Amino acid sequence: MIKFENVSKVYPNGTRGLEDINLEIEQGEFVGIIGTSGAGKSTLIRTINALNNITAGTLIVNDTDVAKLKGKGLREFRKHVGMIFQSYNLVPRVSVIRNVLSSRVPNMSFLKVCFGLFSKEDKLKALDALNRVGILDKAYIRADQLSGGQQQRVSLARALAQDADILLADEPVAALDPVTAREVMDDFKRINQELNKTVLINIHHVELALEYTDRIIAVKKGRIVFDGPSSSVTQEILDDVYRKEA
Ligand SMILES: Nc1ncnc2c1ncn2[C@@H]1O[C@H](COP(=O)(O)OP(=O)(O)OP(=O)(O)O)[C@@H](O)[C@H]1O
Numbered sequence: 038m039i040k041f042e043n044v045s046k047v048y049p050n051g052t053r054g055l056e057d058i059n060l061e062i063e064q065g066e067f068v069g070i071i072g073t074s075g076a077g078k079s080t081l082i083r084t085i086n087a088l089n090n091i092t093a094g095t096l097i098v099n100d101t102d103v104a105k106l107k108g109k110g111l112r113e114f115r116k117h118v119g120m121i122f123q124s125y126n127l128v129p130r131v132s133v134i135r136n137v138l139s140s141r142v143p144n145m146s147f148l149k150v151c152f153g154l155f156s157k158e159d160k161l162k163a164l165d166a167l168n169r170v171g172i173l174d175k176a177y178i179r180a181d182q183l184s185g186g187q188q189q190r191v192s193l194a195r196a197l198a199q200d201a202d203i204l205l206a207d208e209p210v211a212a213l214d215p216v217t218a219r220e221v222m223d224d225f226k227r228i229n230q231e232l233n234k235t236v237l238i239n240i241h242h243v244e245l246a247l248e249y250t251d252r253i254i255a256v257k258k259g260r261i262v263f264d265g266p267s268s269s270v271t272q273e274i275l276d277d278v279y280r281k282e283a
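Converting from the sequence shown to our numbering requires adding 37 to each position, the first position being numbered 1.
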């Protein structure tokens, strides 16, 4: 479970990223986070794996007080939270399977990492993850030889092979054409349903968010202005979320 209690985030330059956020997300939810550019969507999801530290309030993720984490505890915690970026963040000149296996590195000894000695279990896990996103046949191809949609699937497979139970995706389909974007959203949906992973997606494509996610959280100026079932989002709510204010 993810629980924000009166969480705020002020960046070192004084910009207020989040303002008094109160939120509970149960394991297995599929949540879309919407809002205008600069509203605080990325800040919100990046606090969950402590990529952004919070400056007030309490953030509990799977019974862990995230603000108190450091060193080994933080590394251990991050194994449970996978991150998927708009730009895929793959190692381009390396095979797909090596990219997916990189998620297993935190579980390995230094020497094994140096020699690339992944266990049979790790390899099977990586292949299973690639199979789940439909690109098992690409396992031994270099990552930079794949299309954008395929690269995003590798990124998703990497998060799955990590055994994360929470997947945070920051604009995962923004760089993809409409058909490929849907295919990747289908993957997220399937993984959410089959594996009961919590999925939080920052997404500018509102129609995709409404169609695929179960719950919408709308952010405006660092505050939550709507939180409810995707099916209950009306045009009036969207007009309010996206209204530019002077
Ligand atoms: N590292 C930073 N230092 C200072 N201010 C920041 C930093 N990162 C984000 N901000 C500011 O915090 C606010 C929220 O930004 P955030 O990136 O979370 O918005 P967003 O909703 O994800 O926007 P977008 O859709 O454009 O990615 C903005 O005013 C932004 O300028």
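Just so you know, even glycine gets a beta-carbon here, dropped at the ideal spot from N, CA and C. Since the structure is predicted, the reported quantities are computational estimates derived from the model, not experimental observations.
Which residues in the same chain have their Cβ closer than 6 Å to the Cβ of residue i, if we skip the five residues on either side of it in sequence?
i, result
"Asn43", "Asp57, Gly94"
"Gly119", "Ala196, Gln199, Ala201, Leu204"
"Phe67", "Asn229, Val236, Thr250, Asp251"
"Ala176", "Val133, Ile134, Leu167"
Identify whether residue i lies in helix, strand or coil by the three-state DSSP scheme.
i, result
"Ile228", "helix"
"Met38", "coil"
"Lys105", "helix"
"Gly259", "coil"
"Ser124", "coil"
"Ser45", "strand"
"Glu56", "strand"
"Pro215", "helix"
"Gly119", "strand"
"Asn233", "coil"
"Ile274", "helix"
"Gly51", "coil"
Tell me whether residue i counts as near ligand 1, meaning its Cβ is closer than 6 Å to at least one heavy atom of that ligand.
i, result
"Asn50", "yes"
"Gly7", "Here the chain comprises residues numbered 38 to 283, so residue 7 is not present and cannot be evaluated."
"Gly69", "no"
"Val54", "Strictly speaking, residue 54 in this sequence is Gly, with Val absent from that position. Yes, the Cβ of Gly54 comes within 6 Å of a heavy atom of ligand 1."
"Ser124", "no"
"Thr80", "yes"
"Ser45", "no"
"Ser74", "yes"
Would residue i pass as an interface residue toward chain D - the criterion being a Cβ-Cβ separation below 7 Å?
i, result
"Asn59", "Among the protein chains of the structure shown there is no chain D, as only one such chain exists."
By Cβ distance, which residues of its chain are closer than 7 Å to residue i, with the 5 residues on each side in sequence left out?
i, result
"Gln123", "Asp207, Glu208, Pro209, Ala211, Ala212"
"His241", "Glu208, Ala211"
Can you list, in chain order, the residues of its chain with a C-beta nearer than 8 Å to that of residue i? Leave out the 5 residues immediately preceding and following it.
i, result
"Leu1", "Because the chain spans 38 through 283 in this model, residue 1 falls outside it and cannot be assessed."
Report task. Return the chain-ordered ranges of every alpha helix (DSSP H) run that is complete within the segment 153-178 and spans a minimum of 4 residues. Result -> 157-169
Worksheet item: Which runs of the alpha helix (DSSP H) spanning at least 4 residues fall entirely within the segment 56-93, listed in chain order?
Response: 78-85
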